[in-house]
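Going from the sequence shown to this note's numbering is simple: count from 1 and add 27.
Structure, as structure tokens:
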Amino acid sequence: MTTTLADGEWHRLHPASPLLRGGIFIVAVLGFIIANLRERLIDVFFGVPRYGGDPIDAILERGAVGWALLAVAVVLLLILAVFYLSWRMHTFRVTAEVVEVRSGMLFRSNRRARLDRIQGVNIVRPFIPRLIGAAKLEVSVAGQDANVQLAYLGSALADQLRRDILRLASGLRQQAVPVPEAALAPDVALAPDVALAPAAGAGLGPEPVYAPAAAFSVADRARDFFAPELDPDAAPPESVVRIPLGRLIGSVVCSGFTVFVVLAGIALIVSVTAGGSDWLFVAFIPTLIAGVSFYFTRVTKSLRYSIAGTPDGVRVGFGLLTTSNETLPPGRIHAIGVSQPLLWRPFGWWQVRINTAGHSSTKGAAGEANTTTLPVGTLADVARVLELILPGFDSAEQQTLIERGLRSKGGDDGFTNAPRRAAWLHPFSWRRTGYTVSDGIALLRRGVIARELVLVPLARLQSVAISQGPVTRMLRLGSARLHTVAGPVSAYLGVVDAAEALVFFDRIASGAVSSAQADTSHHWNQPHQDQPNVERPHQDHPAWYPTNGVTE
């Protein structure tokens, strides 16, 4: 019988998982062997005579060829046995409440991630696993070090499991649904369950099973490599945002690292022409190599970038050889920061970053943190990304507020700005320092050299604080901060009128309470009470009570 992997039963990972996870160990062993056989290899490929010291020569001289082959066979068998036991002892299951993973041979580990605490589901396809049609699925959960990884699954099975996990996390709880054979690629159709011998420490219940791929198809693997990162049927074309190659390269070149390299190069040239030693050029070579690697990594990791809205949330995908795509469910984003470095201003480019309660271990586009949602985009791209991240916050008035928050120099523009006396503390940016609140979203504007606009959904707000030091008290000023989960976006105002700070505090605090009471975005697919065959979570259900998201 064919079922989804979210049927509540224990399942095993892809049989090649131990080999893929232990790839570094295999490379280290091969490197050791090659290093010890370097003279023989040089003789074979370049015809250079050997000078002794080769381990094979010593084995032949002592007549220990048989023993050497036996030792190699024993080592190989031990490696295979360890890999096999590691695979058998690593099982997982997805129930209506949790994603649970058990692993370990000597030291057992049990990780449980609550579905109602899920912040995103990330699927990564490294280059080597892509060759055999495997992918790593990471469930990002609120809490410190609370993520759960399934490395590795069949590529199509990983996609199907992500849909099931997000369906369950959305509040649409129902019985496991059979997977249509037509929905899967021909080489990854689910096979009948195969009974395996009991694994030590596996616990009670049915034996875990694995549904292997039917066959390895070179044509299908090639099609996967050249297929777009985002399925054209997964989202409306008008909601998809992409990064042109020229803009991507330009954004990397116009970065702070480029300024550092240029200044270092100028200092090097001046030093050498002024009579410095030539060894400075040699010392500069590692910096040059690091610079080339930096640019290459940032460009290749952002190729084929796309962000779009899907029924399960915002889908962000990128990568050329190693691909990654993450789905951020609605209601999981706690703060959004839109910024523009000074070097990007002539081109009108912006960057969007977010704060979420879960932090993925996988790097995002351009090799930056996974919280970078849009590495570089125009004002129109930013508007479409904000529509995806903040659904419903797209009226003409709200779009005008966003544009003014990004580009306005201050004044009567819908924002409550800092008074003129704030110029004593912020002589350049006091005009742009201000805030406003619209439809449960707080907008904080600041910065004149590097412009920044921060948007905070009040339903996700942790707390609000205002403060006043001796200098600001003398100037009748204060500062304000909105506390969200940790991340790259800081929601604060460096200066605000002292009387306005009290208004800010009351407005934000009351807005946060009313927004949290009315918010239902965390159950974006929850049906009505009268819909049949659907279980709705009750207030007394354990899923309603917060925990750290993982137990071990």
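We treat Cβ as the ideally placed atom computed from N, Cα and C, and that holds for glycine.
Given the structure is predicted, the values throughout are model-derived calculations rather than measurements.
Item, Value
"Limits of the alpha helix (DSSP H) - the one that E424 falls within", "A423 to R434"
"As assigned by DSSP and simplified to three states, the class of R411", "helix"
"Runs of beta strand (DSSP E) lying entirely within the stretch 269-341, each at least 3 residues, in chain order", "333-337"
"Neighbour-count burial assignment, S456, 16 or more Cβ in a 10 Å radius", "buried"
"Residue range of the alpha helix (DSSP H) that includes A539", "A525 to A545"
"Start and end residues, alpha helix (DSSP H) containing G505", "Careful: G505 lies outside any alpha helix (DSSP H), inside the beta strand (DSSP E) at L504 to H510."
"E546 and A445 closer than 8 Å at C-beta", "Position check: residue 546 holds Asp in this sequence, whereas Glu was assumed. Not closer than 8 Å, so no."
"Local Cβ density within 10 Å of N397, reported as buried at 16 or more and exposed below that", "buried"
"Three-way DSSP call (helix, strand, coil) for T398 in this model", "coil"
"Start-to-end residues for the beta strand (DSSP E) that takes in S494", "S490 to S494"
"Every unbroken alpha helix (DSSP H) inside the stretch 77-161 [4 residues or more]", "82-89, 92-115 and 154-158"
"CB-CB length for V481 against L471, believed under 8 Å", "4 Å"
"Helix, strand or coil at A449 [DSSP, three-state]", "helix"
"T499 - DSSP class collapsed to helix/strand/coil", "helix"
"Euclidean distance between Cα positions of D191 and A33", "6 Å"
"Inter-stretch contact (C-beta, 8 Å, three-pair minimum) for the stretch 313-329 and the stretch 434-449", "no"
"Residues bridged to W377 [DSSP beta-bridge criterion]", "G404"
"Nearest-angstrom Cα separation, counted from I312 out to P607", "Since the displayed the chain opens at 28 and closes at 579, residue 607 lies outside it and no answer follows."
"Three CB pairs or more closer than 8 Å across the stretch 335-343 and the stretch 352-364", "yes"
"Short Cβ contact (8 Å threshold) for A384 with H361", "yes"
"First through last residue of the alpha helix (DSSP H) which encompasses A185", "S182 to A196"
"Helix, strand or coil at P515 according to DSSP, with G and I counted as helix", "coil"
"Cβ pair T118, R129 closer than 8 Å", "yes"
"DSSP three-state assignment for R458, whether helix, strand or coil", "helix"
"Cutoff 7 Å; reference H41; Cβ partners in own chain excluding five residues on either side", "A161, Y179, L180 and G181"
"Three-state secondary structure (DSSP) of P45", "helix"
"For G35, three-class secondary structure by DSSP", "coil"
"Buried/exposed call for G143, threshold 16 Cβ in 10 Å", "Checking the displayed sequence, the identity of residue 143 turns out to be Asp instead of Gly. Buried, by the Cβ-count rule."
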